[in-house]
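Here is the structure we will look at, set down as structure tokens.
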Amino acid sequence: MTTAFSLVSGLRDRLQSREARVMTIGLGYVGLPLALTVHETGFPVTGFDLDAERVARINAGERVISYFPETRIASAVATGRFAATADPARLAEADVVLICVPTPLTPAREPDLSYLRRAAETLARHLRHGQLVVLESTVWPGATATVLRPILEAGGLRAGTDFFLAFSPEREDPGNATFTTRTIPKVVGADDPQSLQLVHMFYDRVVERTVPVGSIAAAEAVKLVENSFRTVNIALVNEMKGALEAMGVDVWEVIAAAATKPFGYMPFWPGPGIGGDCIPVSPAYLSWRAGDVGAQVPLVDLARHTNDAAPAALAARILSDIAQAGRPAAGARILVCGISYKRDVEDTRESPALGLMRALEAGGAVAAFHDPFFPVLPVTRDHPDLAGRVSVPVTPEAVSGFDAVVVTTDHTGVDYAVLARHARILFDTRNVIARLGLVPAARDLRKV
1 MTTAFSLVSG LRDRLQSREA RVMTIGLGYV GLPLALTVHE TGFPVTGFDL DAERVARINA
61 GERVISYFPE TRIASAVATG RFAATADPAR LAEADVVLIC VPTPLTPARE PDLSYLRRAA
121 ETLARHLRHG QLVVLESTVW PGATATVLRP ILEAGGLRAG TDFFLAFSPE REDPGNATFT
181 TRTIPKVVGA DDPQSLQLVH MFYDRVVERT VPVGSIAAAE AVKLVENSFR TVNIALVNEM
241 KGALEAMGVD VWEVIAAAAT KPFGYMPFWP GPGIGGDCIP VSPAYLSWRA GDVGAQVPLV
301 DLARHTNDAA PAALAARILS DIAQAGRPAA GARILVCGIS YKRDVEDTRE SPALGLMRAL
361 EAGGAVAAFH DPFFPVLPVT RDHPDLAGRV SVPVTPEAVS GFDAVVVTTD HTGVDYAVLA
421 RHARILFDTR NVIARLGLVP AARDLRKV
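Dropping the structure here:
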């Protein structure tokens, strides 16, 4: 008869020898880097994704994420111990299953666990004795226990005895060459000692440092606290930007000077708003769950509101400045430079640049864009109406034809000298013009 002890012992042996078969559910900006990192530390890995085209491209060795080294995926596939699949039946082969699916916000800015529920239902149909299941997706404290676990247990297997369940919040930072999946410490939590022992042992063989906490809920909360901290500080620094600008003080110079203090201060920089799958999302999950248990996080909620309103506030400022310069906002042609939510990443999730384009057009302007990562704007969940627009080249002729240019994302592959020399009015939300030592020809530079 199979016992929990024998299941734990068998999986421990396979983890120790790195012959445990690992599968990731989801091959996006979290699941694919994690799958490759696990493979690169010696485990056989299969990535599961419903996108058959993406699966085929990965199996062909294509670089499907731009900031990966050119041959990273091809080299992994060539070993014969890394592959992608769209066949859910392969989940039964895994010893370790890592769930890395999107957990975005609904249009009402509340948690959307629909992807997680579908992934859990798929896994439940193939769940077997002895598997370790680790959720990496952002959720509110208690979601693993009340949403994921019941779905997995519906077939009769029980977490902690028949299979093992843990949570480890993803900390992926796309495009960061300094801190990688392997070098960023990994927080792990479980609600029973067997699951905690196994998840700790697994990640000890994948990352440089594993940090165990006493429960799944504590591990779930870690991600929300990290990103709520960032949300509040981003809102604060953008508030400071406006106040210091009114005083005639350059906020960028002030922050750089303040950052020389070796204790008690951490620099955050102004921008057009927040984006990505973490900073806009985690605080919303925290706030929603706080309200669910009768608590409040008013400071976090205020920061969320401030950050969510940033693109519209920026659009209003741009249209006002254009009007003051004698160019009516109605029909004004504005080039938005940078659609990704962060530098050198082809990711538009929650991008403030898209919100800015819509706000500019709601104010009567005509918005175009340039982004070296997007020749054509893709369909996005929040801004499907912008899909299909073509990137405008950064040339003297093209730039001079716009009433204003707004730098929203400071990609390194953009010729900012052309913007500096030929933009009629240049709005710089990233301080890239000053950072590169460029001087606008007309000297009509607005740091916003």
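For the sequence shown, this note's numbering assigns the number 1 to the initial residue and increments by one for each residue that follows.
By construction, the Cβ of each residue, glycine as well, lies at the ideal position given by its N, Cα and C atoms.
Treat the numbers as computed from the prediction; the structure is a model and nothing was measured.
If we cut at 7 Å on Cβ distances, does residue i have a partner in chain B?
i: residue 183; result: Absent from the structure: chain B. Only one protein chain is present.
Tell me whether residue i is buried or exposed, calling it buried when 16 or more other Cβ atoms sit within 10 Å of its Cβ.
i: residue 203; result: buried
i: residue 299; result: exposed
i: residue 483; result: The chain is shown from 1 up to 448; residue 483 falls before or after that span and cannot be answered.
i: residue 262; result: exposed
i: residue 381; result: exposed
i: residue 225; result: exposed
i: residue 266; result: exposed
i: residue 177; result: exposed
i: residue 376; result: exposed
i: residue 239; result: exposed
i: residue 228; result: buried
i: residue 31; result: buried
i: residue 5; result: exposed
i: residue 79; result: exposed
i: residue 33; result: buried
i: residue 379; result: exposed
i: residue 293; result: exposed
i: residue 257; result: exposed
i: residue 220; result: buried
i: residue 291; result: exposed
Report the option in the options whose CA atom is closest to the CA atom of residue i.
i: residue 424; options: 325, 67, 224; result: 325
i: residue 157; options: 353, 128, 57, 32; result: 128
i: residue 259; options: 278, 237, 401; result: 237
i: residue 347; options: 174, 407, 419; result: 174
i: residue 136; options: 416, 187, 267, 169; result: 169
i: residue 336; options: 87, 74, 374, 306; result: 374
i: residue 49; options: 153, 266, 122, 106; result: 122
i: residue 394; options: 370, 379, 377; result: 370
i: residue 206; options: 185, 414, 105, 257; result: 185
i: residue 218; options: 190, 227, 5; result: 190
i: residue 411; options: 339, 310, 138; result: 339
i: residue 303; options: 234, 295, 344; result: 234
i: residue 407; options: 305, 426, 21, 422; result: 426
i: residue 421; options: 222, 240, 405, 30; result: 405
i: residue 365; options: 329, 58, 390; result: 329
i: residue 192; options: 305, 163, 276; result: 163
i: residue 522; options: 242, 309, 198, 256; result: The question about residue 522 has no answer, for the chain in this structure spans 1 to 448.
i: residue 334; options: 432, 79, 391; result: 391
i: residue 417; options: 296, 396, 188; result: 396
i: residue 22; options: 134, 124, 440, 307; result: 134
i: residue 105; options: 277, 152, 92; result: 277
i: residue 320; options: 309, 344, 363; result: 363
i: residue 120; options: 108, 93, 130, 88; result: 88
i: residue 432; options: 401, 343, 195, 354; result: 343
i: residue 201; options: 313, 297, 18, 353; result: 18
i: residue 108; options: 409, 305, 367; result: 305
i: residue 138; options: 64, 194, 36, 223; result: 223
i: residue 244; options: 24, 196, 151, 448; result: 448
i: residue 402; options: 327, 434, 429; result: 327
i: residue 151; options: 90, 124, 25, 167; result: 124
i: residue 313; options: 275, 254, 242; result: 242
Assuming residue i and residue j make a contact with CB atoms under 8 Å, what is their CB distance in whole Å?
i: residue 315; j: residue 322; result: Between residue 322 and residue 315 the Cβ distance is about 11 Å, and since that is not below 8 Å, they are no contact.
i: residue 467; j: residue 149; result: Since the displayed the chain opens at 1 and closes at 448, residue 467 lies outside it and no answer follows.
i: residue 55; j: residue 45; result: The pair is not a contact, with the Cβ atoms about 14 Å apart (cut-off 8 Å).
i: residue 280; j: residue 172; result: Residue 280 to residue 172, Cβ: 16 Å. No contact.
i: residue 61; j: residue 74; result: 3 Å
i: residue 77; j: residue 83; result: 7 Å
i: residue 95; j: residue 20; result: 4 Å
i: residue 147; j: residue 117; result: 7 Å
i: residue 42; j: residue 27; result: Going by Cβ atoms, the distance from residue 42 to residue 27 rounds to 20 Å, so no, they are not a contact pair.
i: residue 440; j: residue 414; result: With a Cβ gap of about 15 Å, residue 440 and residue 414 do not count as contacting.
i: residue 154; j: residue 126; result: So it is not a contact: roughly 13 Å between Cβ atoms.
i: residue 352; j: residue 310; result: 6 Å
From the DSSP output, read off the bridge partner residues of residue i.
i: residue 82; result: 45
i: residue 333; result: 366
i: residue 159; result: 163
i: residue 230; result: Answer is none; residue 230 lacks a bridge partner.
i: residue 453; result: Nothing can be reported for residue 453: it is not among the residues displayed for the chain, which extend from 1 to 448.
i: residue 428; result: 407, 447
i: residue 189; result: 167, 213
i: residue 23; result: 46, 97
Any heavy atom of the ligand SAH within a distance shorter than 6 Å of the CB on residue i?
i: residue 409; result: Among the components of this structure there are no ligands whatsoever, and the ligand SAH is therefore not found.
### Query
Taking three-plus beta-carbon pairs below 8 Å as touching, is the stretch 10–20 in contact with the stretch 172–181?
These segments do not touch.
### Message
Under 8 Å: do the stretch 247–261 and the stretch 281–290 share three or more Cβ pairs, one atom per stretch?
### Response
Segments in contact, no.
### Query
Touch check for the stretch 133–150 and the stretch 112–119: three-plus C-beta pairs under 8 Å?
Taking 8 Å as the limit for Cβ pairs, the verdict is that the stretch 112–119 does touch the stretch 133–150.
### Message
Using a Cβ distance threshold of 8 Å, determine whether the stretch 91–106 contacts the stretch 60–73, with at least three qualifying pairs required.
### Response
Counting Cβ pairs under 8 Å, fewer than three are found: no touch.
### Query
Is it a yes or a no for the stretch 347–362 touching the stretch 371–390, going by three-plus beta-carbon pairs under 8 Å?
When Cβ pairs closer than 8 Å are counted between the two stretches, the stretch 347–362 is seen to touch the stretch 371–390, the count reaching three or more.
### Message
For the pair the stretch 256–273 and the stretch 204–224, tell me if three or more CB-CB distances fall below 8 Å.
### Response
The stretch 256–273 vs the stretch 204–224: no contact.
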